[in-house]
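Undergrad:
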Amino acid sequence: MQAFPSPVWHATEPGMILAELKSDAVAGLSSEAAAERLRQSGPNELPEEKPKALWRVFAAQFASPLIYLLFVAAMISLAMGHASDAAVILVVVLINALIGAVQEGRAEHSMTALRRLSAVKVRVVRDGREAIIEARELVAGDILLLSAGDQVGADARLLEAAALEATEAALTGESLPVLKNIEAVDAEAGLGDRRNMIYSGTHLTAGRGRAVVVATGLQTEVGKIASLTATAEEPKTPLETRLRHFGNWLVGASMALFVLIIGFGLLREIPFVSIFMVAISQMVSVVPEGLPVAMTIALAVGMQRMARRGAIVRRLAAVETLGATSIICSDKTGTLTKNEMTVTRLLLPSGLQVEVTGAGYSPEGKLLAEGRELTAQDDASLRALLEAIVLCNDANLVPPEAEEAHWRPLGDPTEAALLTVALKGCVEPETLRREWPRRAEIPFDSSLKMMATQHGHGGKCRVLFKGAPEKLLALCDGATLDAAGVHETSEKLAARALRVLAVAEVNDAPLDEEAGFEPWRGRLRFLGLLGQMDPPREEVKTAVAECVAAGIRPVMVTGDHKATGLAIATELGIAKPGDIAVDSAELKAMPEEELSASLERISVFARVQPEQKLRIVKAFQAKGQVVAMTGDGVNDAPALAAADVGVAMGITGTEVAKGAAKIVITDDNFATIVKAIEEGRLVYQNLKKVVLFLFATSIDEVSVLLLALLCGYPLPLAAVQILWINIVTEGMVTVNLILEGLEGDEMRRRPTPVNEPLFTRPMLERLLLMVSTSVAAVFGFFLWRQASGAPFALVQTETFTLIAVTQWFNVLNCRSATQSALSLDVLRNRWLAGGLILGNALHLLVIYTAPMNRIFHTVPIPLADVAILGVIGSSVLWIEEIRKWLVRRRIQGAGSARSMTSA
Ligand code: ATP
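Residue numbers for the sequence shown follow my numbering, so the first one is 518 and each next one is one higher.
(1) Buried or exposed: where does residue 561 fall if 16 or more other Cβ atoms within 10 Å of its Cβ makes it buried?
(2) Using three-state DSSP, classify residue 858 as helix, strand or coil.
(3) Please state the DSSP three-state secondary structure of residue 1155.
(4) Got a sec, what are the start and stop residues for the alpha helix (DSSP H) residue 1189 sits in?
(5) Ignore the nearest five residues each way along the sequence and tell me which others in residue 1038's own chain have a CB closer than 7 Å to its CB.
(6) Which value, in whole angstroms, describes the spacing of the CA atoms of residue 1068 and residue 1193?
(7) Just list the residues that DSSP pairs residue 727 with in beta bridges.
(8) Let's test the definition: count the other Cβ atoms within 10 Å of the Cβ of residue 867 and tell me whether it reaches 16, buried, or not, exposed.
(9) Per DSSP, what are the beta-bridge partners of residue 1053 in this structure?
(10) Can the beta-carbon of residue 954 be found less than 8 Å from the beta-carbon of residue 973?
(11) Under 8 Å by Cβ, that's how I've got residue 764 and residue 1173 pegged, so tell me the actual separation to the nearest angstrom.
(12) Do three or more CB pairs link the segment 707-727 to the segment 657-672 at distances below 8 Å?
(13) Ends of the alpha helix (DSSP H) at residue 995?
(14) On the three-state DSSP scale, how would you describe residue 668?
(15) Can you give the Cα-Cα distance for residue 967 and residue 911, rounded to whole angstroms?
(16) Rounded to whole angstroms, what's the CA-CA distance from residue 685 to residue 611? Just pull it up for me.
(17) If residue 527 sits next to residue 739, beta carbons under 8 Å apart, how far is it from one beta carbon to the other, in whole angstroms?
(18) Rounding to the nearest angstrom, what Cα-Cα distance links residue 964 and residue 1013 in this structure?
(19) Three or more beta-carbon pairs under 8 Å between the segment 1398-1405 and the segment 1334-1346, yes or no?
(20) Going by DSSP, what residue range makes up the alpha helix (DSSP H) through residue 579?
(21) Return the CA-CA distance between residue 981 and residue 1204, expressed in angstroms with no decimal places.
(22) For residue 1314, collect the residues of the same chain with a Cβ closer than 7 Å to its Cβ; drop the 5 residues on either side in sequence, then sort them by chain order.
(23) Are the CB atoms of residue 639 and residue 554 nearer to each other than 8 Å?
(24) Please state whether DSSP places residue 765 in a helix, a strand or coil.
(25) Any heavy atom of ligand 1 inside 7 Å of the beta-carbon of residue 1078?
(26) Give me the Cα-Cα distance between residue 599 and residue 1371, rounded to the nearest whole angstrom.
(27) In or out: residue 894 buried (at least 16 other Cβ within 10 Å) or exposed?
(28) Buried or exposed, going by whether 16 or more other CB atoms sit within 10 Å of the CB of residue 1342?
(29) Three or more beta-carbon pairs under 8 Å between the segment 911-921 and the segment 894-903, yes or no?
(30) Between residue 961 and ligand 1, is there a pair consisting of the residue's CB and a ligand heavy atom that are separated by less than 7 Å?
(31) Would you say residue 1175 touches ligand 1, meaning its beta carbon is less than 7 Å from a heavy atom?
(32) Could you check whether residue 1085 and residue 854 sit closer than 8 Å to each other, using their CB atoms as the reference points?
(33) Any idea what DSSP makes of residue 588, helix, strand or coil?
(34) Indicate, with yes or no, if ligand 1 has a heavy atom lying under 7 Å from the CB of residue 1134.
(35) Between residue 670 and ligand 1, is there a pair consisting of the residue's CB and a ligand heavy atom that are separated by less than 7 Å?
(36) Could you give the distance in angstroms between the alpha-carbon of residue 781 and the alpha-carbon of residue 1320?
Set out below in structure tokens:
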């Protein structure tokens, strides 16, 4: 509901709208008014599908062929007069559904919480100050501050628009961006013609602006069309699909097994009811019912761990693709570097170089030339340069609010640093900006790498330009500068890892926003160059080294100059000796084959145009690489979407980039991407542990049963015992194995090829070893106990228990492929420890309580036998320990952890 009647907003003048909505274009709403309106109108969101109720999740657990089969088995046992077997089957099915529902509910819950983290943010003015809030908190009357890349959070009437363009395809079907303005239009104008309005759910592709919110939530145009947006179901990830196919294959295999067991049983003249029940239970044991839930949890837990380390996953598939990433194409500014700019050098048109002292945004420091201090008062050319960089600038500097605090940049750090140097040179930004108000502008654009502003004062007009030197110098009047000298200085500054800006001016003509920069060619007067230092982030050097050890290649893709990029890449270890940097023009001229052949050596792509990022992604992908690509601007969206893992920046990233990316890193830091990769690898590694465990235990049981049948022995396990082991003993630990933490060597392995089979050779070898040990132990024990003449019920109970014991040891084995189970603290994975304790307790209940004895056909086991079972069962642990020891020795022998198997 909206608190205000709606006049025809697009046909009304802004002043009247502001009066109507009781808002102010400059100061915005007060927080109290906004809170009150939010209370009245409700949050600015469209109703979403409610999360599934727990009982629904529970009910869904029964919808599986496996469960139908168990129901049939229960009915048959009931019909044959085995009521207790039927009851057991039903109870086991119930427990299975409960475990499944609880786990799934947990996964669902954490995913919903995580989805909230990627909520759309908007910039508004509240209480006269700029603030960033969630789009759901917007109310009518809020003043929106708009820039390229924003997602529009609500319907709003424009108050200011500087070259503002919006893509409204979602609403009007028009795929080309629409240029916006503030003129009122006819009341009858259709949505697409209301140039003075912006609509919720659309995107801004260029320019800047300011608007007042007129409708939120269901009152917006998009809200009117779709009063209910169904939350799109997350598509299955490649690994999920592979697991599903694998599962289907296993269902087929289990059916074949069913026929086989019935056949053998009848040949051995075992009563049909018994063999039928065993065959059904066995079928159940082969189908890894825990796997789909384990997969969901693995991804959800992976997402959670990544979020804790600063990476928010927007597409589930990214969790596993991250683990397979082999190339990271990273932006430079802010991601590899701190984005804390300090101007350290100036070049004046006369060729005079000025050194700037001091660091950070604090204006403490001096401008020194030829050994003496220089200020704007002493030198007209310096004054012109400093004034230009203050006016052609959208940033602000905030003085320290407390004693310990520092000066803070507000807006683009590149621009804030210019204010610092102006202050050092005695130019006062606030006074100057009041004196020369801005009349027009061409906002900074990362494709053109320049911007321009026009300022007026008492009939005078001043048009100021700043941007990448080679772009801006191309527009300058050759007579005003020594082009060769300036280029040379610019290159020298760049080679010292400085970010270089050129500045120029024109005094005699106004800026035509729509005509762009072309009309100015040859007309600008050069005012000078500035070199800014942006120190690399300390943690990045380590992260780069970690990548290299993990077989991942970092590559810099920057909008900055080639020499600046290469200098920083070399310092960080991204560029090795012999590596090269390629700039936009060189890349453009490079045919596909040449690019493909040179990729190995190119560590820096410089002055990159956003659309070239897509080409870089594709070139790497064509070579079979799994590419992560970072981006923040609107134009980065196609490359982010095409990359295997598109990584958007949480702080500087536009909403459009975030929407196209698969993960968002909250601190814009390269090191965070590396941490996310580590977590991605862990997810895959843990899933493999679960797969190994599930298979080892299923094959164990089937093998023991088939061997007994083949050799003419009675059935070593009762049907209900098989079910118990499968669903209760196994269910207690399988999913908990997913929660294993990092082993520490994840980043010393090669990336996993995306299409690597689920069972690699080392894993198959391990499976074979584990299965043969436990089958030998269990079947050997069974033969021995049979021969010893023990009562059959005891033999069966002991065999049943031994299988459970071997499973418990096996789950400890599966915690690591190389590290000793004894060296891994069991309590580190509290879920697993809990599962083991609970599993043991329940097993004791089945053996030592009379009612359970009746139901499960068990008898109490003498304590001495329990000890023997423990010793025999532990053989699976010792054999694995020996294998792991041999593997560790081999790795040490090879002198490198690289040859480590990833089984
Ligand atoms: P990266 O893509 O690695 O983050 P970047 O931030 O240097 O690199 P851009 O922001 O596209 O990339 O900047 C490219 C060039 O444009 C800079 O080297 C600089 O010369 C110029 N530039 C950057 N910011 C501004 C600005 N606010 N005004 C004018 N020119 C700018």
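Backbone N, C-alpha and C fix where the C-beta goes; we use that ideal spot for every residue, glycine too. Model, not experiment: these values are computed from the prediction.
TA: Looking at the coordinates:
(1) Locating residue 561 in the sequence shown gives position 44, where the first residue counts as 1. It counts as buried.
(2) The count along the sequence shown starts at 1 and reaches residue 858 at position 341. The answer is coil: DSSP assigns residue 858 none of H, G, I, E or B.
(3) For the purposes of this step, residue 1155 is taken as residue 638 along the sequence shown, with counting starting at 1. Of the three classes helix, strand and coil, the one that applies to residue 1155 here is helix, per DSSP.
(4) Reading the sequence shown from its first residue, position 672 is the one you call residue 1189. Taken as a continuous stretch (DSSP letters only), the alpha helix (DSSP H) holding residue 1189 covers 1187-1227.
(5) As a working note, residue 1038 is residue 521 in the sequence shown. Take residue 1038, set aside five residues on each side of it, and the residues of its chain with a beta-carbon closer than 7 Å to its own are 992, in chain order.
(6) As a working mapping, residue 1068 is identified with position 551 in the sequence shown. As a working mapping, residue 1193 is identified with position 676 in the sequence shown. When the Cα atoms are used, residue 1068 and residue 1193 turn out to be separated by approximately 15 Å.
(7) Translated into the one-based positions of the sequence shown, residue 727 becomes position 210. Bridge partners of residue 727: 662 and 677.
(8) Residue numbering aside, residue 867 sits at position 350 when the sequence shown is read from its first letter. With fewer than 16 other Cβ atoms from the protein chains shown falling within 10 Å of its own Cβ, residue 867 counts as exposed.
(9) As a position in the sequence shown, residue 1053 is number 536, starting the count at 1. The partner list for residue 1053 (beta bridge, DSSP) reads 854.
(10) Mapped onto the sequence shown, residue 954 falls at position 437. Mapped onto the sequence shown, residue 973 falls at position 456. A distance below 8 Å separates the beta carbons of residue 954 and residue 973.
(11) Translated into positions along the sequence shown, residue 764 becomes position 247. Translated into positions along the sequence shown, residue 1173 becomes position 656. No, residue 764 and residue 1173 are not in contact; Cβ-Cβ is about 38 Å, not under 8 Å.
(12) Three or more beta-carbon pairs separated by less than 8 Å link the segment 707-727 to the segment 657-672, which places the two stretches in contact.
(13) The sequence position of residue 995 within the sequence shown is 478, counting from 1. Secondary structure note for residue 995: it is in no alpha helix (DSSP H), with a DSSP letter that is neither H nor E.
(14) As a working mapping, residue 668 is identified with position 151 in the sequence shown. Residue 668: strand per DSSP, three-state reduction.
(15) Indexing the sequence shown from 1 puts residue 967 at position 450. Indexing the sequence shown from 1 puts residue 911 at position 394. Approximately 13 Å, taken between the alpha carbons.
(16) Sequence index remark: in the sequence shown, residue 685 carries index 168 (1-based). Sequence index remark: in the sequence shown, residue 611 carries index 94 (1-based). One C-alpha to the other measures close to 51 Å.
(17) Position 10 of the sequence shown, counting from 1, holds the residue named residue 527. Position 222 of the sequence shown, counting from 1, holds the residue named residue 739. Their Cβ separation, rounded to whole angstroms, is 16 Å, which puts residue 527 and residue 739 out of contact at 8 Å.
(18) Here residue 964 is taken as the residue at index 447 of the sequence shown, counted from 1. Here residue 1013 is taken as the residue at index 496 of the sequence shown, counted from 1. The C-alpha of residue 1013 is placed about 24 Å away from the C-alpha of residue 964.
(19) Because the criterion of three Cβ pairs below 8 Å is met, the segment 1398-1405 and the segment 1334-1346 touch.
(20) Here residue 579 is taken as the residue at index 62 of the sequence shown, counted from 1. Going by DSSP, residue 579 is part of no alpha helix (DSSP H) at all; its letter is neither H nor E.
(21) Position 464 of the sequence shown, counting from 1, holds the residue named residue 981. Position 687 of the sequence shown, counting from 1, holds the residue named residue 1204. Cα to Cα, the separation comes out at about 59 Å.
(22) Sequence index remark: in the sequence shown, residue 1314 carries index 797 (1-based). Answer for residue 1314: 1364, 1375, 1376 and 1378, listed in chain order.
(23) Position 122 of the sequence shown, counted from the first residue, corresponds to residue 639. Position 37 of the sequence shown, counted from the first residue, corresponds to residue 554. At least 8 Å separates the beta-carbon of residue 639 from that of residue 554.
(24) Walking along the sequence shown from the start, residue 765 turns up at place 248. Correct three-state label for residue 765: helix.
(25) Indexing the sequence shown from 1 puts residue 1078 at position 561. Yes, ligand 1 has a heavy atom inside 7 Å of this Cβ.
(26) Start at 1 with the first residue of the sequence shown, and residue 599 comes out as number 82. Start at 1 with the first residue of the sequence shown, and residue 1371 comes out as number 854. The C-alpha of residue 599 lies about 12 Å from the C-alpha of residue 1371.
(27) For the purposes of this step, residue 894 is taken as residue 377 along the sequence shown, with counting starting at 1. With fewer than 16 other Cβ atoms within 10 Å, it is exposed.
(28) Taking the sequence shown and counting its residues from 1, one reaches residue 1342 at position 825. Exposed: under 16 other Cβ atoms inside 10 Å.
(29) The answer is no - the segment 894-903 does not touch the segment 911-921, with fewer than three Cβ pairs under 8 Å.
(30) Position 444 of the sequence shown holds residue 961. Flag set: Cβ of residue 961 near ligand 1.
(31) Here residue 1175 corresponds to residue number 658 of the sequence shown, with the count starting at 1. No, the Cβ of residue 1175 stays beyond 7 Å of every heavy atom of ligand 1.
(32) Against the sequence shown, residue 854 aligns to sequence position 337. Against the sequence shown, residue 1085 aligns to sequence position 568. At the C-beta level, residue 854 and residue 1085 come within 8 Å of one another.
(33) On the sequence shown, position 71 is the one that residue 588 refers to. For residue 588, the three-state secondary structure derived from DSSP is helix.
(34) The sequence position of residue 1134 within the sequence shown is 617, counting from 1. For residue 1134, the CB stays at least 7 Å from every heavy atom of ligand 1.
(35) Walking along the sequence shown from the start, residue 670 turns up at place 153. No, since every heavy atom of ligand 1 falls outside the 7 Å radius drawn around the Cβ of residue 670.
(36) To locate residue 781, count along the sequence shown from 1; it is residue 264. To locate residue 1320, count along the sequence shown from 1; it is residue 803. Each residue's CA atom was taken as its position, placing residue 781 and residue 1320 some 22 Å apart.
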